[in-house]
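Sequential numbering from 1 applies to the sequence shown in my numbering. This report concerns only the one structure given below.
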Amino acid sequence: MSEIILMSDARVAAIPVEECGEPLVDVSDVLLVDDRKNDSGAELHLRQGVLDRLLEAEALLPDGLRLLFVEGYRPPALQRSYFEGYGDELRAANPDWSADRVRSAASRYVSPPEIAPHSAGAAVDLTLADADGRELDMGTAMNANPEQSDGACYTGADNITAEARTHRAVLGKALGEVGLVNYPTEWWHWSYGDRYWALMSGAPAALYGPKDLDPS
Numbered sequence: 001m002s003e004i005i006l007m008s009d010a011r012v013a014a015i016p017v018e019e020c021g022e023p024l025v026d027v028s029d030v031l032l033v034d035d036r037k038n039d040s041g042a043e044l045h046l047r048q049g050v051l052d053r054l055l056e057a058e059a060l061l062p063d064g065l066r067l068l069f070v071e072g073y074r075p076p077a078l079q080r081s082y083f084e085g086y087g088d089e090l091r092a093a094n095p096d097w098s099a100d101r102v103r104s105a106a107s108r109y110v111s112p113p114e115i116a117p118h119s120a121g122a123a124v125d126l127t128l129a130d131a132d133g134r135e136l137d138m139g140t141a142m143n144a145n146p147e148q149s150d151g152a153c154y155t156g157a158d159n160i161t162a163e164a165r166t167h168r169a170v171l172g173k174a175l176g177e178v179g180l181v182n183y184p185t186e187w188w189h190w191s192y193g194d195r196y197w198a199l200m201s202g203a204p205a206a207l208y209g210p211k212d213l214d215p216s
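So this is what it looks like as structure tokens:
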């Protein structure tokens, strides 16, 4: 397996942001949306360029398959709460771990808030569904953490069925062809235009930085 670069890696934080100013737009009129993360409605938003690419990717899927959108934008304060909460869980379970080790381990599952792709409107958590909107088997539940799934949440995990592996490959092929990159510890997490995307794609800078959702 090739090296997995985590969100906490200094190389990610070192990427500059050249904010392009694209708006956050509501995806619910154009994508199939799952309501499991139905919080404030903020999660239904993405940068326009990310949404455009998801629509292109959906058109590349085999007949009878659709993207099933779960979560996009995440307000910075909520991102911080998720990151600190998971870090607290890891610290309690591993009291001998250093602060750096806790931060690194936490970033397998939740991005540090200062560089989080979701808070830039650049990342999407999604899966595949059939023509009737039924979710396909991807090997784990979405948002299963590494401890819960015995590492099966990693995109390239080998402890999943052949069918789930095929479904992940279908999703990855379509999203990769339109320029999104995957976070390899989470098969469901894909992004475009953020710092992690820039590092993995060789872009000189991120296009999107953390953003507040316009209340209007």
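Each residue gets a CB set at the ideal place from its N, CA and C atoms; glycine is no exception.
Identify the continuous alpha helix (DSSP H) that holds residue i and give its terminal residues.
i, result
"R74", "Segment: none, R74 is in no alpha helix (DSSP H) and carries neither H nor E."
"S191", "Per DSSP, S191 belongs to no alpha helix (DSSP H); it is in the beta strand (DSSP E), H189 to S191."
"V30", "Note, V30: premise wrong, no alpha helix (DSSP H); not H, not E."
"Y196", "R195 to S201"
"A10", "A10 to A13"
"A105", "A99 to A106"
Got a sec, what are the start and stop residues for the beta strand (DSSP E) residue i sits in?
i, result
"D26", "L24 to D26"
"L55", "L55 -> not in any beta strand (DSSP E); alpha helix (DSSP H) instead, spanning Q48 to L60."
Report, in whole angstroms, the separation of the C-beta atoms of residue i and residue j, which I expect to be a contact under 8 Å.
i, j, result
"R53", "Y192", "6 Å"
"L126", "L67", "5 Å"
"A57", "E135", "Actually they do not touch by this definition, with Cβ atoms about 17 Å apart."
"V124", "V50", "7 Å"
"G115", "M7", "Rather than Gly, the amino acid found at residue 115 in this sequence is Ile. Going by Cβ atoms, the distance from I115 to M7 rounds to 6 Å, so yes, they are a contact pair."
"Y82", "V110", "5 Å"
"R101", "P146", "At roughly 14 Å, the Cβ-Cβ gap does not stay under 8 Å, so R101 and P146 are not in contact."
"H167", "D137", "6 Å"
"A164", "G139", "3 Å"
Taking the DSSP output, what are the residues bridged to residue i?
i, result
"N182", "W190"
"R66", "A129"
"A206", "V17"
Between the options, which lies nearest to residue i when the distance is taken from Cα to Cα?
i, options, result
"R232", "D34, A59 and G121", "Given a span of 1 to 216 for the chain in the structure shown, any question on residue 232 remains unanswerable."
"R103", "H45, G87 and A92", "G87"
"H45", "L60, S28 and A169", "S28"
"G156", "A169, A144, N145 and Q148", "A169"
"L213", "A144, S98 and G21", "G21"
"V70", "P95, D96 and L32", "L32"
"G133", "P16, D34, V12 and A13", "D34"
"P75", "D96, P112 and A93", "P112"
"A205", "L60, I15, P117 and E43", "I15"
"I239", "G172, L175 and A141", "Any question about residue 239 goes unanswered here, given that the chain covers just 1 to 216."
### Query
Which ranges would you report for the beta strand (DSSP E) in the region 118-166 if only whole runs of at least 3 residues count?
123-130
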